[in-house]
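**Student:** Read in the working numbering, the sequence shown has 307 at position 293, and its numbers run on one by one without any break. All C-beta atoms in this analysis are idealised placements derived from N, C-alpha and C, irrespective of residue type, glycine included. The structure is given below, and queries will be raised subsequently.
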Amino acid sequence: MAAAIAGAAASTAVSITCSSSSYEDDGAATSWSLSSGTSSSSSSSQRQRPYRRLLHDEAQRLRRERRGQGSGAHTPRWVRRTPDQMARYVEDDRAGHVYGRHVVAAVRAARATASCSSPSSADMREAMASFVAKLTFREMCFVLHELRGWRQARDFFAWMKLQLCYEPTVVAYTILLRLYGQVGKIKLAEETFLEMLQAGCEPDAVACGTLLCAYARWGKLNDMLMFYAAVRRRDIVPSISVFNFMVSSLQKQKLHGKVIHLWEQMLEANVAPNQFTYTVVIGSYAKEGMLEEAMDAFGEMKRCRFVPEEATYGLLISLSAKHGKGEEALGLYDEMKVKSIVPSNYTCASLLTLYYKNEDYSKALSLFSEMEQNKIVPDEVIYGILVRIYGKLGLYEDAQRMFEEIDKAGLLSDEQTYVAMAQVHMNVQNYDRALQVLDAMRARNVKPSQFSYSALLRCHVAKEDVDAAEDTFRALSNYGSPDVFCCNDLLRLYMRLGHLDKARALILKMRKEALQFDKDLCVTVLEVCCKTSINKDTDNLTEVIQNEGSSSKVLNPTDSSTLSMMLKSLLDKPGGLSSVSQLIMKFAREGSTDEAKFLYEHLTELGAKPDDTAIATLIVQYGQAQQLEQAQKLFEAASTSFPVGGSVYNAMVDALCKCGKTEEAYRLFMELIDQGHNGDAVTISILVTHLTKQGKLYSAVSIYDRMISSGIPRSMQTFNIMISVYGQGGKLEKAVEMFSAAQELGLPIDEKTYTNMLSFYGKAGKHHEASLLFSRMKEYGIRPGKISFNTMINAYATSGLHNEAEIIFQEMQKNNHVPDSHTYLALIRAYTEGKCYSKAEEAIQMMLRSNMTPSCTHFNHLISAFLKEGQIDEAQRMYNQMEEAGIPADLACCRTMMRMHLDHGYVDGGILFFETACRLLKPDSFILSAAFHLYEHSGRESEAGDVLDAINMSGASFLRNLKVGSKLEQVRNDTHAS
Numbered sequence: 015m016a017a018a019i020a021g022a023a024a025s026t027a028v029s030i031t032c033s034s035s036s037y038e039d040d041g042a043a044t045s046w047s048l049s050s051g052t053s054s055s056s057s058s059s060q061r062q063r064p065y066r067r068l069l070h071d072e073a074q075r076l077r078r079e080r081r082g083q084g085s086g087a088h089t090p091r092w093v094r095r096t097p098d099q100m101a102r103y104v105e106d107d108r109a110g111h112v113y114g115r116h117v118v119a120a121v122r123a124a125r126a127t128a129s130c131s132s133p134s135s136a137d138m139r140e141a142m143a144s145f146v147a148k149l150t151f152r153e154m155c156f157v158l159h160e161l162r163g164w165r166q167a168r169d170f171f172a173w174m175k176l177q178l179c180y181e182p183t184v185v186a187y188t189i190l191l192r193l194y195g196q197v198g199k200i201k202l203a204e205e206t207f208l209e210m211l212q213a214g215c216e217p218d219a220v221a222c223g224t225l226l227c228a229y230a231r232w233g234k235l236n237d238m239l240m241f242y243a244a245v246r247r248r249d250i251v252p253s254i255s256v257f258n259f260m261v262s263s264l265q266k267q268k269l270h271g272k273v274i275h276l277w278e279q280m281l282e283a284n285v286a287p288n289q290f291t292y293t294v295v296i297g298s299y300a301k302e303g304m305l306e307e308a309m310d311a312f313g314e315m316k317r318c319r320f321v322p323e324e325a326t327y328g329l330l331i332s333l334s335a336k337h338g339k340g341e342e343a344l345g346l347y348d349e350m351k352v353k354s355i356v357p358s359n360y361t362c363a364s365l366l367t368l369y370y371k372n373e374d375y376s377k378a379l380s381l382f383s384e385m386e387q388n389k390i391v392p393d394e395v396i397y398g399i400l401v402r403i404y405g406k407l408g409l410y411e412d413a414q415r416m417f418e419e420i421d422k423a424g425l426l427s428d429e430q431t432y433v434a435m436a437q438v439h440m441n442v443q444n445y446d447r448a449l450q451v452l453d454a455m456r457a458r459n460v461k462p463s464q465f466s467y468s469a470l471l472r473c474h475v476a477k478e479d480v481d482a483a484e485d486t487f488r489a490l491s492n493y494g495s496p497d498v499f500c501c502n503d504l505l506r507l508y509m510r511l512g513h514l515d516k517a518r519a520l521i522l523k524m525r526k527e528a529l530q531f532d533k534d535l536c537v538t539v540l541e542v543c544c545k546t547s548i549n550k551d552t553d554n555l556t557e558v559i560q561n562e563g564s565s566s567k568v569l570n571p572t573d574s575s576t577l578s579m580m581l582k583s584l585l586d587k588p589g590g591l592s593s594v595s596q597l598i599m600k601f602a603r604e605g606s607t608d609e610a611k612f613l614y615e616h617l618t619e620l621g622a623k624p625d626d627t628a629i630a631t632l633i634v635q636y637g638q639a640q641q642l643e644q645a646q647k648l649f650e651a652a653s654t655s656f657p658v659g660g661s662v663y664n665a666m667v668d669a670l671c672k673c674g675k676t677e678e679a680y681r682l683f684m685e686l687i688d689q690g691h692n693g694d695a696v697t698i699s700i701l702v703t704h705l706t707k708q709g710k711l712y713s714a715v716s717i718y719d720r721m722i723s724s725g726i727p728r729s730m731q732t733f734n735i736m737i738s739v740y741g742q743g744g745k746l747e748k749a750v751e752m753f754s755a756a757q758e759l760g761l762p763i764d765e766k767t768y769t770n771m772l773s774f775y776g777k778a779g780k781h782h783e784a785s786l787l788f789s790r791m792k793e794y795g796i797r798p799g800k801i802s803f804n805t806m807i808n809a810y811a812t813s814g815l816h817n818e819a820e821i822i823f824q825e826m827q828k829n830n831h832v833p834d835s836h837t838y839l840a841l842i843r844a845y846t847e848g849k850c851y852s853k854a855e856e857a858i859q860m861m862l863r864s865n866m867t868p869s870c871t872h873f874n875h876l877i878s879a880f881l882k883e884g885q886i887d888e889a890q891r892m893y894n895q896m897e898e899a900g901i902p903a904d905l906a907c908c909r910t911m912m913r914m915h916l917d918h919g920y921v922d923g924g925i926l927f928f929e930t931a932c933r934l935l936k937p938d939s940f941i942l943s944a945a946f947h948l949y950e951h952s953g954r955e956s957e958a959g960d961v962l963d964a965i966n967m968s969g970a971s972f973l974r975n976l977k978v979g980s981k982l983e984q985v986r987n988d989t990h991a992s
């Protein structure tokens, strides 16, 4: 569009075009033009007629859209074009749109997957197959932005990442975050954000603000605040609209203290608040009773020339009245009148409260006059507050007198006022007087509503007048279904009086009317059912009870017939099978496997098959509980009765792995592949990990080979798994091949993959290759995380390159990564390998200064290094320093110290160390054998025998070849030889 404007500047005959951002699905042009050309030839006139028609049609459409929109109507944006440019504008492939027809077609194709019964990523790949290599990255982002369903967006983004032109950017991830946030898929949004970080995309204020708004929209306030703190640590400042979203959501949950804290942080970040911000913050100050702060914010709001709303004035008036500052409250009300702001009912009620406290009834009457002048229609709060206040204060006679005064003044014409007075009487259990007030209301032909009938019903229930209560309930039903409170009151009345048949009939009536039960009503219904043994009605209430978390109590495994009837009823309802499957999953996830299995068996007896996900969830739960036999029986029964999908096989593989049956899991997985099912990435990862731990590298590799031969596409996660398999198996060359293959396929390599390769290079002593890969990772825009830095330091430590390790340590701190225990351990290891013992000690002191407690492993590196150098005193000093820090010695450290005492002939010291530091540790062959030799060398045969007995009892092996003072003897031999 900018190019068209620039080109039009040099032309005398121009066209002015108005473009609309919306367009029809059939690709018809929605852009129109007004040509200012002066040619009068017939050919020119004919050529301009389509433009005139477009102008007329578009003008009519815009006129219809703007009708009734007022000042917020869409205003066209005009662009100057030459006639030739206008011709191309109408006739080109874009038809006036921002993107071409192929992009519009891609949007339609992606949206069409929503019509699938069970849309999946495979559907998206099939739908987008014809668009491979035809869409640019920007066009793919446009398609992603135009999708409406989160599943379509998720699947399209997965397809998008497989394209060669894809490059991780914060824009694409932000679009996906917005879609997930709109539908409440917070977990997916979090995973997407983490994926964005792992992809090396630095989140900006828009991306962070999108996730913050998603948290706020769906009430994930703790997560929102935690994420906000992380955002601020990155020095990212959200926009004022995001802050408004956050404070508004916090205020809705009545977290006013957090609203105020966020407000203070916003001011510290120099974010300029707007009128909405001030309104919310003043409201929270008012709810917290912080009058002074609320008034300061109110004054700042006015200094910024924002006009406060009526609600803001009302809150401040109420707050001032509560704090006993009536003059300030009245001053605010006078300010409202000067600005011609009409007070609301809430404001008037606050003023009435103030006048009552001050016993200034004349002003209360004048306020009523002002309300009439401003045509404010009093509601139940205005009329009822005059009597309710008296009732709450115990001034029931005054409340009655005020009620009578209102009646005498001719203002007693609202139903809410009568009900307010009746409630005052009911609060003191004076139900007869309450009934008199309600009878007087009907006698004056005040039309009753559901509100007054509810109050009347409570009176009759309290008086235990069944007939009157039933008449009132029937009258209440004429206004629609009674609410849950009225139903609960009548049910409890029936229970108290023993009318259980009537209670049962009422329950059936509520079920027929599809009343949404709340918790209290659900408990009452269950109580009625228990007393009347209406187990046959349990099936009618299952859906309601299930929502309240009471289903496990109803599904008593001993009541098989009741359960069968319930299942039949549910299966006859739309979505009944899905509801039962979800219930099975719910039981399984809660660990109630008996109930889940019982429900599954009854369902299959009726000839129905639960969803594969339900069966898989139950199998996985059996695996977690180490109930392999139950899992196998369920798997065999399910696969025999019905054809099962890959998810059931994957679940069984997972259960076998968790129960230690790796070989069986491997055979079942191969069977799964042979049947054409795809093993999911999680199952493959679990199986390969177990095979690798057991040293079955060939089997782990064969899974990868079978995937290749079966035509299963290789993802980056597959390559990650195989890189780990080869790396852990010591086959670095194969791991490098996998890494190179992933690069050749153009797969996005994340930081995790780079870190794995750095680790394997480091363990193999190839620090140069690790350094090159670390630099390449940064060149590709992937910011190393803490784990990557730690891995690189370890790589240098293995080769004893402490200077290079120190450089990486400093770079890590410059990138705002706080070193952790693993970082310092790697640095100490580098220093000790390079024989820089003083720097290693300084690293331990750095940990202590950072309030980080070193572990025994940190000290053990130095102790072992000193012993290798023969510096016994230094090793003992480090051990003493460790003890002073309150760090208990672990098994490795005890072995090191015992070897020092044994080899250098420190018999007494070794025995003392064994008796004080080694007694509580797990029995160890070396430590116990060394102790035996020390006791024997000192002539303490009894203690030596006890140690030998301990060796035999623990099943440890006795090391006979150990010798006390072996190092001293070696030194003497070397001296004698020289």
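1. Can you list the alpha helix (DSSP H) stretches of 4 or more residues lying completely in the stretch 728 to 784, in chain order?
2. Whose C-alpha, out of Thr-188, Ala-602, Ile-274, is nearest the C-alpha of Val-634?
3. On the CB-based measure, 16 or more other CB atoms within 10 Å of its CB, does Gly-795 come out buried or exposed?
4. Take Ile-274 and list the residues in its own chain whose beta-carbon comes closer than 6 Å to its own, dropping the five residues that flank it on each side.
5. Hey, is the stretch 787 to 801 in contact with the stretch 237 to 257, meaning 3+ C-beta pairs nearer than 8 Å?
6. Near Gly-979, what residues of its chain come up, given a Cβ to Cβ distance below 6 Å and the 5 sequence neighbours on each side ignored?
7. If I'm right that Ala-854 touches Leu-876 with Cβ under 8 Å, what's the distance once you round it to whole angstroms?
8. Okay, do the stretch 189 to 197 and the stretch 766 to 777 touch, 3+ Cβ pairs below 8 Å being the bar?
9. Go ahead and pull the three-state DSSP assignment for Cys-907.
10. Taking C-alpha atoms, which residue in Phe-151, Thr-127, Ala-147 lies nearest to Arg-168?
11. Would you call the CB atoms of Lys-882 and Asp-834 closer than 8 Å?
12. Tell me whether the stretch 890 to 910 and the stretch 862 to 872 touch, counting them as touching only if at least three CB pairs, one residue from each stretch, are closer than 8 Å.
13. Measure the CB-CB distance between Ile-296 and Leu-330 and report whether it falls below 8 Å.
14. Under three-state DSSP, which class holds Asn-459?
15. Three-state secondary structure (DSSP) at Glu-323?
16. Taking the straight line between their C-alpha atoms, what separation do you get for Thr-837 and Phe-753?
17. Relative to the C-alpha of Leu-305, which residue among Ser-466, Val-285, Tyr-327 is closest?
18. Since Gly-776 contacts Thr-805 with CB under 8 Å, what's their CB separation in whole angstroms?
19. Use the C-beta contact count for Leu-366: other C-beta atoms within 10 angstroms, 16 or more gives buried, fewer gives exposed.
20. Please report the distance separating the alpha-carbon of Ile-842 from that of Asp-668.
21. Measure how close the beta-carbons of Gln-177 and Val-146 come, nearest whole angstrom, since I'm counting them as under 8 Å.
22. How many angstroms separate the CA atom of Thr-556 from the CA atom of Lys-523?
23. Are the C-beta of Lys-526 and some C-beta of chain C separated by less than 8 Å?
24. To the nearest angstrom, how far is it from the Cα of Gly-741 to the Cα of Val-261?
25. According to DSSP, is Thr-631 helix, strand or coil?
26. Could you check the C-alpha separation between Thr-631 and Met-599 for me, to the nearest Å?
27. DSSP three-state label for Asp-922, please.
28. Less than 8 Å between the C-beta atoms of Ser-468 and Tyr-432, yes or no?
29. Can you find the residues in the same chain that come closer than 8 Å, C-beta to C-beta, to Leu-511, ignoring five residues on each side of it along the sequence?
30. What distance in whole Å lies between the Cβ atoms of Thr-767 and Asn-808, which are believed to be in contact at a cut-off of 8 Å?
31. Looking only at its chain, what residues have a beta carbon closer than 7 Å to the beta carbon of Val-256, apart from the 5 residues adjacent to it on each side?
32. Can the beta-carbon of Tyr-952 be found closer than 8 Å to that of Leu-973?
33. In three-state terms, what does DSSP make of Trp-232?
34. Going by beta carbon distance, what residues of the same chain come within less than 6 Å of Lys-301, once the five residues before and after it are set aside?
35. Since Ala-844 contacts Leu-862 with CB under 8 Å, what's their CB separation in whole angstroms?
**Tutor:** Reading it off the structure:
1. 730 to 742, 746 to 758, 765 to 777
2. Nearest C-alpha to Val-634: Ala-602.
3. exposed
4. Only Ser-298 meet the Cβ criterion.
5. no
6. Gly-919
7. 5 Å
8. Inter-segment contact for the stretch 189 to 197 and the stretch 766 to 777 is absent: fewer than three beta-carbon pairs are separated by less than 8 Å.
9. In this structure, Cys-907 counts as helix in the three-state DSSP scheme.
10. Of the candidates Phe-151, Thr-127, Ala-147, the one whose C-alpha sits nearest the C-alpha of Arg-168 is Thr-127.
11. No, the pair does not count as a contact, with Cβ atoms beyond the cut-off.
12. Taking a cut-off of 8 Å for Cβ pairs, the stretch 890 to 910 and the stretch 862 to 872 touch, as three or more such pairs fall below it.
13. yes
14. coil
15. It is coil, neither helix nor strand.
16. 26 Å
17. Among Ser-466, Val-285, Tyr-327, the Cα nearest to that of Leu-305 belongs to Tyr-327.
18. Their Cβ separation, rounded to whole angstroms, is 7 Å, which keeps Gly-776 and Thr-805 in contact under 8 Å.
19. Classification of Leu-366: buried, given that the 10 Å Cβ count is 16 or more.
20. 40 Å
21. 7 Å
22. With a pLDDT of 45 at Thr-556, under the threshold of 50, the modelled position of this residue cannot be trusted; read the value that follows with caution. If you take the alpha carbons of Thr-556 and Lys-523, they lie about 16 Å apart.
23. Absent from the structure: chain C. Only one protein chain is present.
24. 49 Å
25. helix
26. 6 Å
27. Asp-922: helix per DSSP, three-state reduction.
28. no
29. Glu-478, Val-480
30. Incorrect: roughly 17 Å between the Cβ atoms, too far for contact.
31. Gly-223, Leu-226, Cys-227
32. The sequence shown places Ser at residue 952, not Tyr. In this structure, Leu-973 does not lie closer than 8 Å to Ser-952 by Cβ.
33. coil
34. Once the five neighbours on either side are set aside, the close Cβ partners of Lys-301 are His-270.
35. Not confirmed; about 19 Å, so no contact.
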